[in-house]
Amino acid sequence: MQMLGGRSSSEGLANLPVPSSTVVILLLLLGFFMYDEEYVKSIAKFPLSSTSLSLSSTRSKTHGATPVGLQGEPPTNNNHLVHQQTSNTTEQKPSSPDVATAVGLQGEPPTNNNHLVHQQTSNTTEQKPSSPDVATAVGLQGEPPTNNNHLVHQQTSNTTEQKPSSPDVATAVGLQGEPPTNNNHLVHQQTSNTTEQKPSSPDVATAVGLQGEPPTNNNHLVHQQTSNTTEQKPSSPDVATAVGLQGEPPTNNNHLVHQQTSNTTEQKPSSPDVATAVGLQGEPPTNNNHLVHQQTSNTTEQKPSSPDVATAVGLQGEPPTNNNHLVHQQTSNTTEQKPSSPDVASYHDENEQLKVESPHEKCDIFTGEWVLDDATHPLYKEDECKFLSSQVTCLRNGRKDSLYQKWRWQPSHCSLPKFNATQLLEKLRNKRLMYVGDSLNRNQWESMVCMVQSVIPPDRRFMSMSGSSLVIFHVMDYNATIEYYWAPFLVESNSDNPRNHSLTNRIIKPGSIDKHAQYWKGVNFLIFNTYAWWMNSKTTKVLRGSFHEGSTTYDKIGRTTAYKRVLRTWAKWIEKNVDPSQTTVFFNSMSPVHGRSMDWNNPRGIKCFNETKPISNISTPLNVGTDRRLFAAARKTMQRMKIPVDFMDITTLSEYRKDAHTSLYTARKGKFTQKQMANPALYADCTHWCLPGLPDTWNELIFTRIVSRP
1 MQMLGGRSSS
11 EGLANLPVPS
21 STVVILLLLL
31 GFFMYDEEYV
41 KSIAKFPLSS
51 TSLSLSSTRS
61 KTHGATPVGL
71 QGEPPTNNNH
81 LVHQQTSNTT
91 EQKPSSPDVA
101 TAVGLQGEPP
111 TNNNHLVHQQ
121 TSNTTEQKPS
131 SPDVATAVGL
141 QGEPPTNNNH
151 LVHQQTSNTT
161 EQKPSSPDVA
171 TAVGLQGEPP
181 TNNNHLVHQQ
191 TSNTTEQKPS
201 SPDVATAVGL
211 QGEPPTNNNH
221 LVHQQTSNTT
231 EQKPSSPDVA
241 TAVGLQGEPP
251 TNNNHLVHQQ
261 TSNTTEQKPS
271 SPDVATAVGL
281 QGEPPTNNNH
291 LVHQQTSNTT
301 EQKPSSPDVA
311 TAVGLQGEPP
321 TNNNHLVHQQ
331 TSNTTEQKPS
341 SPDVASYHDE
351 NEQLKVESPH
361 EKCDIFTGEW
371 VLDDATHPLY
381 KEDECKFLSS
391 QVTCLRNGRK
401 DSLYQKWRWQ
411 PSHCSLPKFN
421 ATQLLEKLRN
431 KRLMYVGDSL
441 NRNQWESMVC
451 MVQSVIPPDR
461 RFMSMSGSSL
471 VIFHVMDYNA
481 TIEYYWAPFL
491 VESNSDNPRN
501 HSLTNRIIKP
511 GSIDKHAQYW
521 KGVNFLIFNT
531 YAWWMNSKTT
541 KVLRGSFHEG
551 STTYDKIGRT
561 TAYKRVLRTW
571 AKWIEKNVDP
581 SQTTVFFNSM
591 SPVHGRSMDW
601 NNPRGIKCFN
611 ETKPISNIST
621 PLNVGTDRRL
631 FAAARKTMQR
641 MKIPVDFMDI
651 TTLSEYRKDA
661 HTSLYTARKG
671 KFTQKQMANP
681 ALYADCTHWC
691 LPGLPDTWNE
701 LIFTRIVSRP
């Protein structure tokens with residue numbers, strides 16, 4: 001019999017001005033009593049009315065694998081579309097349009113007919129269609145079919161299944177009729193050692209109930225996988241969406257379930273509006289429009305990172321009752337990765353980001369103890385950072401022990417976050433960070449460069465200089481710089497040339513700062529220090545005239561008085577030129593000098609030479625090579641300033657570290673000679689620090705402050 005094509009010889013019948021439905025009934029009755037081949041052909045060629053749907057119109061739609069019940073009574077357990085797979089299977093769905101279509105039109109309901117079954121067993125591969133209108137079961141204008149118009153794609157035993165990738169694939173729709181009963185199901189199931197790739201195109205696997213009364217336990221969309229499976233969820237918008245529109249609330253319908261159990265790995269969608277359950281314009285659904293992503297037993301789940309992913313929304317109706325749920329659940333030996341967004345303080349290990357737990361504001365991060373931790377420290381290796389100067393590379397210069405690299409600072413009442421170079425660079429994106437001060441700040445600058453350089457490709461970083469005092473480390477991919485500016489007294493002095501200055505005859509101009517400060521403008525993070533260069537004498541020489549004019553006369557004043565004058569000049573410049581909404585200012589307290597072993601009860605020691613462990617078991621407060629009057633002056637200045645300055649109290653925690661100095665293992669002007677090495681009392685450097693080492697901890701404190709701020 002031909003269907004829906006051409007015209008019969010009985011054109012007169014086709015053009016009778018009577019309702020098409022009446023004609024159909026009359027012709028059916030006539031055909032029942034007077035069976036004739038030509039009569040049957042004419043019936044088959046009878047043109048459909050405008051309210052009917054032809055096979056060609058069905059083909060033109062882009063709803064793949066769609067069971068539809070239109071304008072008739074509800075089908076009974078019909079129009080099912082089942083995709084099932086069991087036991088080590090791989091299935092490829094069809095790629096051509098309108099393939100495997102079962103249609104029952106204009107007649108009495110077929111009985112277990114018009115079935116289209118594609119079945120394959122035992123080590124098989126089946127290719128099913130992937131284009132629109134694929135595998136469609138349609139029941140039109142007739143009484144409900146009985147267990148008919150089934151479309152079953154089944155495959156068992158060692159098969160592979162790839163789900164369709166075209167739009168509107170595997171859609172179950174109930175339109176304009178009474179609610180179907182347990183119909184229009186769309187089931188994708190896979191069990192036992194299977195691999196399933198879900199569709200990646202929009203509107204894939206969508207269950208929709210439109211303009212009818214609420215379906216009963218219908219329009220379900222289930223994606224299930226069990227036992228040693230790997231499932232990749234769709235990445236395109238509007239994937240796996242269950243929608244209830246313009247009808248009364250569905251009852252336990254429009255569920256969208258993605259479930260995986262037993263030794264599985266699931267990657268959730270990353271595109272917008274993925275796996276969305278929406279209830280629109282109707283009364284509140286009852287326990288419906290659920291979207292559940294569940295995984296159990298030895299699983300790893302990656303949550304979506306894009307906006308509007310896996311969203312359940314209730315719109316324009318009364319409040320839903322326990323509906324529109326979105327559940328991401330994981331149990332039993334699971335690992336969960338949370339989404340990553342910009343400006344989130346996080347750790348970075350092999351592209352893994354975890355939230356940084358910063359110390360609470362009231363926690364004193366400067367009071368605590370040193371803990372031996374060779375699992376996390378050092379933060380980098382000496383021979384892997386080419387930016388270290390020979391002054392601080394103690395192992396390269398002959399030091400035999402390396403324990404000094406492995407100590408971690410542990411505050412008494414909280415913990416520091418693990419240092420994360422990528423997170424810091426994100427905070428520095430399009431910004432400048434600058435260390436300003438003496439060689440101890442240069443020590444800290446070298447440390448910071450080495451702490452971040454490992455996450456930067458070699459061809460995306462470089463050094464440059466501006467004049468003789470400013471050195472800049474460029475991070476190209478972040479448009480960021482980490483800089484060091486030489487100004488040992490902060491104000492103008494006769495020691496402003498980092499390579500040509502006097503170590504004994506030091507003269508300052510306390511009221512003159514602009515020569516240096518012009519380089520500080522526009523910097524986002526400023527880290528200042530000044531201390532070590534004040535310690536060679538109890539008095540300070542203050543210039544009467546101007547260095548520019550060649551003045552040589554000076555006055556001598558007390559060290560503490562001169563120090564306070566310099567800090568006042570510096571504070572006034574900060575208050576006048578720094579916008580606290582754009583710039584954060586830090587001031588490091590003094591770095592101690594371990595020049596007398598009696599300070600830590602070691603009468604046989606020679607300064608810091610041969611010290612290999614931090615100071616411990618000291619009951620009295622330490623006062624190791626520090627002038628606490630300068631410390632107090634600096635703290636008081638910061639407290640009085642109108643612009644907030646973060647006073648970094650590194651002094652006490654550094655006083656414990658008698659083991660961390662460069663000692664004889666330095667090379668400022670070449671390595672020490674054998675004669676010099678034999679005289680540590682004269683030549684041991686107990687001011688500067690080995691790297692990796694203590695300055696890394698100073699930078700961990702800076703990192704903590706930076707990432708803790710919004």
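In UniProt numbering, the protein residues as written are 1 to 710. A virtual CB, placed ideally from N, CA and C, is assigned to each residue, including glycine.
**Asked** What's the call for residue 693, buried or exposed, on a 16-neighbour Cβ count within 10 Å?
**Response** buried
**Item:** Alpha-carbon spacing of residue 380 relative to residue 670, whole angstroms
**Value:** 25 angstroms
**For residue 561, the three-state DSSP class (helix, strand or coil)** = helix
**residue 649 and residue 366 closer than 7 angstroms at C-beta** = yes
**Asked** I think residue 510 touches residue 569, with their Cβ atoms under 8 angstroms apart; what is that distance to the nearest whole Å?
**Response** 6 angstroms
**Message:** Can you tell me where the alpha helix (DSSP H) holding residue 451 begins and where it ends?
**Reply:** 439-453
**Message:** Taking the straight line between their C-alpha atoms, what separation do you get for residue 429 and residue 373?
**Reply:** 31 angstroms
**Asked** Residue range of the beta strand (DSSP E) that residue 654 falls in?
**Response** Note, residue 654: premise wrong, no beta strand (DSSP E); alpha helix (DSSP H) at 651-655.
**Request:** Write down the C-beta distance between residue 559 and residue 540 rounded to the nearest angstrom, noting that I regard them as a contact closer than 8 angstroms.
**Result:** 5 angstroms
**Item:** Beta-bridge pairing of residue 742 - partner residues as DSSP gives them
**Value:** Because the chain here runs from 1 to 710, residue 742 falls outside it and cannot be looked at.
**Asked** What are the boundary residues of the alpha helix (DSSP H) that residue 683 is part of?
**Response** 680-683
**Asked** What three-state label does DSSP hand residue 474 in the structure shown?
**Response** strand
**Prompt:** Are the region 513-522 and the region 483-497 touching by the rule of at least three beta carbon pairs closer than 8 angstroms?
**Reply:** yes
**Asked** Quick one, which of 446, 411 and 527 has its alpha-carbon nearest residue 362's?
**Response** 411
**Request:** Note down the Cα distance separating residue 703 from residue 680, rounded to an integer number of angstroms.
**Result:** 35 angstroms
**Request:** Decide yes or no for the touch test of the region 467-480 against the region 422-442: beta carbon pairs closer than 8 angstroms, at least 3 of them.
**Result:** yes
**Asked** What three-state label does DSSP hand residue 539 in the structure shown?
**Response** strand
**Span of the alpha helix (DSSP H), counted from its first residue to its last, around residue 707** = 694-708
**Item:** residue 310 burial status per 10 Å Cβ neighbour count (16 or more: buried)
**Value:** With a pLDDT of 34 at residue 310, under the threshold of 50, the modelled position of that residue is not reliable, and the figure given next carries that caveat. Per the 10 Å Cβ criterion, buried.
**Message:** Just to confirm my understanding: we take residue 637, look at its own chain, exclude 5 residues before and 5 after, and list those with CB closer than 6 angstroms. What are they?
**Reply:** 567 and 571
**Request:** Within the same chain, show all residues whose beta-carbon is closer than 7 angstroms to that of residue 505, passing over the 5 residues directly before and after it, in chain order.
**Result:** none
**Prompt:** With distances taken between CB atoms, is the gap from residue 661 to residue 443 smaller than 7 angstroms?
**Reply:** no
**Item:** Start-to-end residues for the alpha helix (DSSP H) that takes in residue 634
**Value:** 628-640
**Request:** For residue 437, count neighbouring C-beta atoms within 10 Å of its own C-beta (all shown protein chains included) and say buried if the count is 16 or more, exposed if not.
**Result:** buried
**Message:** Since residue 491 and residue 507 should fall inside the 8 angstroms C-beta cutoff, what is the C-beta to C-beta distance between them, to a whole number of angstroms?
**Reply:** Actually they are not in contact, since the Cβ atoms of residue 491 and residue 507 sit about 11 angstroms apart, beyond 8 angstroms.
**Item:** Cβ-based neighbour list, residue 557, same chain, cut-off 7 angstroms, excluding 5 preceding and 5 following
**Value:** 539, 540 and 542
**Message:** Considering only DSSP beta bridges, list what residue 382 is partnered with.
**Reply:** According to DSSP, which records beta bridges pairwise, residue 382 is partnered with nothing at all.
**Cutoff 7 angstroms; reference residue 474; Cβ partners in own chain excluding five residues on either side** = 461, 462, 464 and 481
**Contact set for residue 609: own chain, Cβ-Cβ below 7 angstroms, skip 5 residues either direction** = 663, 664, 680 and 684
**Complete alpha helix (DSSP H) runs within the region 552-607 (minimum length 4 residues, chain order)** = 559-577
**Item:** residue 493 to residue 554 span [Cα, whole Å]
**Value:** 12 angstroms
**Request:** In the DSSP assignment, find the unbroken alpha helix (DSSP H) run with residue 514 in it and report its ends.
**Result:** 514-517
**Request:** Over the uninterrupted alpha helix (DSSP H) stretch that includes residue 509, give me the two end residues.
**Result:** Run containing residue 509: none in the alpha helix (DSSP H); it sits in the beta strand (DSSP E), 507-509.
**Request:** Return the bridge partner residues of residue 661 from the DSSP annotation.
**Result:** 689
**Prompt:** Straight-line CA distance for residue 396 to residue 454?
**Reply:** 20 angstroms
**Touching by the beta-carbon criterion (3+ pairs, under 8 angstroms), the region 572-584 and the region 623-634** = no
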